[in-house]
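Numbering (this note's numbering), first residue to last: 66 to 323. Glycine included, every Cβ here is placed at the ideal spot set by N, Cα and C. Keep in mind it's a predicted model, so treat the numbers as computed, not measured. Written out below as structure tokens is the structure these notes cover.
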Ligand code: SAM
């Protein structure tokens, strides 16, 4: 596996720019360090709150039950982890993210929720980790979730192989990510919003237009539904399926470690 911190001489994309592979993780970290403080507010503003419905759809498909052990990669401020624990209070969730600033926001948010009981607190853990090199044993989790994270990873195939490695046989992979709108009229309106309006909101609210421009560009560089499903299969997963959300603005991909 390629060390993401190492300059291999290969190029990769960072939004619409080409950068040395070894630089991408640092650049992505910079984006999320910059947006961490306003991340949750911006998510609501940019999507009109729809990201909440997409995340609920993810939890519906996962249908967590009992003492399921879930690894939520690129878990950021904990949106997916909180929803899993709300649905399955006996679950154990590890939120793994490469960025300590995002995890700190998540920890604060969790404590601010007040109503959380101590038992549930003990079932939620946070760890600074790279999706490409998970510090977890083979076959150690029942489910692997990743929401709006995988497009930021330098080597997506390496992250998918890691997901497969840490899942127990019979374990579930579930990914929520922006995807491709196939309806041409809708795609045009969505492009207008994404490139002209969204970075401006980022500039006004988060005081960081560039980071929000990167986020939009990274969405457009991400493979479409079918291509990504093929990558999941290539990493060894079986019964791979996907569902479009909001006409393909986002998609859920599911796979199983057979
Ligand atoms: N999952 C959360 C959600 O849905 O609200 C956060 C998503 S946020 C758009 C993307 C997250 O991916 C950031 O917190 C970022 O730090 C994390 N990330 C980017 N590259 C990563 C990597 N290689 N390994 C782990 N996390 C990564």
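For residue i, the three-state DSSP class (helix, strand or coil)
i: residue 155; result: coil
i: residue 273; result: coil
i: residue 148; result: helix
i: residue 117; result: helix
i: residue 142; result: coil
i: residue 82; result: strand
i: residue 161; result: strand
i: residue 288; result: coil
i: residue 130; result: coil
i: residue 74; result: coil
Chain-order list of residues whose beta-carbon lies under 8 angstroms from that of residue i (same chain, five-residue window excluded)
i: residue 255; result: 246, 314
i: residue 76; result: 83, 84, 85, 86
i: residue 233; result: 204, 205, 206, 207, 322
i: residue 266; result: 107, 110, 111, 277
i: residue 227; result: 196, 197, 198, 199
Residue range of the alpha helix (DSSP H) that includes residue i
i: residue 88; result: 86–100
i: residue 108; result: 104–112
i: residue 313; result: Here residue 313 belongs to no alpha helix (DSSP H), and DSSP marks it neither H nor E.
i: residue 300; result: Residue 300 -> no alpha helix (DSSP H), and no H or E assigned at all.
Contacting residues, own chain, Cβ-Cβ under 6 angstroms from residue i (five flanking each side not counted)
i: residue 301; result: 229
i: residue 149; result: 129, 135, 156, 158
i: residue 180; result: Any answer about residue 180 is weak, because its pLDDT of 49 lies below 50 and its placement is not dependable; what the coordinates show is given next. Cβ neighbours of residue 180 beyond the five flanking positions: none.
i: residue 190; result: 159
i: residue 320; result: 238, 297, 302, 305
i: residue 101; result: 166, 167, 170
i: residue 284; result: 243
i: residue 195; result: 163
i: residue 259; result: 281
i: residue 307; result: 290, 294, 316, 318
Neighbourhood of residue i by C-beta, 7 angstroms cutoff - its chain only, sequence neighbours within 5 removed
i: residue 242; result: 213, 215, 216, 287, 315, 316
i: residue 263; result: 111, 277, 281
i: residue 99; result: 273, 276
i: residue 218; result: 196, 197, 224
i: residue 71; result: Here residue 71 scores only 41 on pLDDT, less than 50, and its place in the model is too uncertain to base an answer on.
i: residue 249; result: none
i: residue 172; result: 191
i: residue 94; result: 163, 164
Bounding residues of the beta strand (DSSP E) (the contiguous stretch that carries residue i)
i: residue 380; result: Residue 380 is absent from the structure shown; the chain starts at 66 and stops at 323.
Inside the segment 177–264 only - beta strand (DSSP E) runs reaching at least 3 residues: 189–193, 206–212, 232–243
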